[in-house]
Amino acid sequence: MSKSESKKFAAYPRLNPLGIGKETSVADLIDETFLAYNGGRIREAAKLFTEKMLPKEGYIGMSLTGALTPAGLGKSCLIPLIKAGFVDWIVSTGANLYHDLHYGLDMKLYAGSPFLDDVALHKEGVIRIYDVIFDYNVLLDTDAFVRQVIQGPEFQRIMGSDEFHYLLGKYVSERTRKLGLVDSSVLAAAYECGVPVFTSSPGDSSIGMNVAAMALRGSPLLIDVNRDVNQTAAIVLEAKSSGHKSSVFILGGGSPKNFMLQTEPQIQEVMGIAEKGHDYFLQCTDARPDTGGLSGATPAEAVSWGKVDPDTLPDCVVAYVDSTISLPLLTAYSLARFKPRKLKRLFDRRDELLDKVKSRYLKMGTVSKIRTSRKIAKRSSGVGIRKSGV
Ligand SMILES: NC(=O)c1ccc[n+]([C@@H]2O[C@H](COP(=O)([O-])OP(=O)(O)OC[C@H]3O[C@@H](n4cnc5c(N)ncnc54)[C@H](O)[C@@H]3O)[C@@H](O)[C@H]2O)c1
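All the letters of the sequence shown, read from the start, carry residue numbers 1 to 390 under the numbering used here.
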């Protein structure tokens, strides 16, 4: 290679794939053969997770959308990640938590096909989520479990969704023990590990539907969404003000993605507290960026909102890969390459963390327009202005 050629490519590793053999591990497969395109992004995601997000007790928030738990990803991936201390807090759709209950209650889901006759399935009382099928009674029995549990005295009040899921997780954990099940429910594992689990749309799932029905019977249980917004911001502020990195690991997109990311504008733009954004952004999704929807919004776009620190933008990764492929790969890779971490048990510190953010806000924040701490250039750089003739 000529001197000028070696200089030209100095910053870029040469493509030099490994020949795959029967002994090749998942981690080696990713490191040595996932070299380009979305394979390359999965390798970058694996390295970002293990080399930047997990070290030095970095705070990891994970958002869950798409039908992950019905496909078994709760048991195969999420529980091992929670138990290894690789996930510190979660924002999930209610659906993922509802369908997780089936596994915690030892109900049966089956590998079906996307090409079944849905009219026939309906007649036979079979529910289909693409190629996952199960009996209608799974829904009815899970609904009854939720209603019976939330009849208990602990549930007769207003509470954050993290506390609601913690209490629900306690009952699932007790049930799994009675059934002799080990590591079968995400909610139970999160309860046991003190990992707070929030939902951004408490009414938009079968859990919320059962909570609503019980309200018609006089239950005062209500999810305190204001507490959730402030509590999630409190976790991020705690991470940043204690000198840790704050990372988001986004599966899919949807409202949990925004709920996790909006913590930073909540701190900066609404509360008036000086902050720079999440440090690392890792997303595995099928959502495209060109429709303007939040699901497909890139980390660069998030920078403009103050959601992501501009200084760490080059490290951020988006892999356009189905989560049923990316999550098992990233789970196997991280468990192979990084030692289990001490659990942060952020749930146990929820009141303390909320008090901290509240006192910072009451010191810095105003009801009138916030005096931003963001350094905004005095002179326009011309960004966004169409050049003449273009
Ligand atoms: N029975 C229930 O409780 C029930 C069932 C289904 C949905 N819901 C509710 O409907 C709402 C929408 O839920 P949703 O999770 O289906 O969200 P969604 O379909 O809106 O998906 C969110 C984002 O994730 C992406 N995505 C989905 N699956 C993916 C995959 N396998 N790999 C990569 N990216 C993927 C989508 O493209 C989208 O951008 C939630 O509030 C949920 O609770 C409730």
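No residue lacks a Cβ here, since even glycine has one placed at the ideal position from N, Cα and C.
Rounded to the nearest whole angstrom, the C-alpha separation of leucine 330 and isoleucine 158 is 37 Å. In this chain, leucine 54 is not harboured by any alpha helix (DSSP H), its DSSP state being neither H nor E. Within 10 angstroms of the beta-carbon of alanine 274 lie fewer than 16 other beta-carbons, which makes it exposed.
Rounded to whole angstroms, the separation of the alpha carbons of aspartate 279 and threonine 312 is 6 Å.
Remark: the C-beta of tyrosine 110 is outside contact range of ligand 1, defined as less than 7 Å to any heavy atom.
Nearest Cα to glycine 104 within the set Ser247, Ala111 and Phe145: Phe145.
Cβ-Cβ distances below 6 Å link cysteine 284 to Leu251, Ala319, Val321, Ser323 and Ser326 in the same chain, with the five nearest sequence neighbours on each side left out; the list follows chain order. For histidine 278, the three-state secondary structure derived from DSSP is strand.
Taking the CA atoms as reference points, tyrosine 191 sits about 39 Å from lysine 22.
Contact check between the stretch 137-152 and the stretch 204-211: three or more CB pairs, one atom from each, fall below 8 Å, which counts as touching. Remark: the shortest separation between the CB of aspartate 118 and any heavy atom of ligand 1 does not fall under 7 Å. The closest CA to that of serine 113, considering only Gln268, Thr93, Glu163 and Val132, is found on Val132. Counting along the chain, valine 318 sits inside the beta strand (DSSP E) bounded by residues 317-319.
Shown here, glycine 74 sits in a helix according to DSSP, grouped into three states. The beta carbons of threonine 65 and proline 256 sit closer together than 8 Å.
If you compare the alpha carbons of Phe134, Thr263 and Lys47 with that of lysine 276, the shortest gap goes to Thr263. The Cβ-Cβ distance between isoleucine 129 and proline 55 does not fall below 8 Å. The Cβ neighbour count for aspartate 348, taken over all protein chains shown within 10 Å, is under 16; the residue is labelled exposed. In terms of Cβ geometry, leucine 101 and phenylalanine 134 do not form a close pair [threshold 8 Å].
Judged by the Cβ position, serine 323 qualifies as a neighbour of ligand 1 at the 7 Å threshold, a heavy atom of the ligand being closer than this.
Segment contact: the stretch 237-249 against the stretch 349-367, three or more CB-CB distances shorter than 8 Å; contact assigned. Rounded to the nearest angstrom, the gap between the Cα atoms of serine 205 and threonine 176 is 22 Å.
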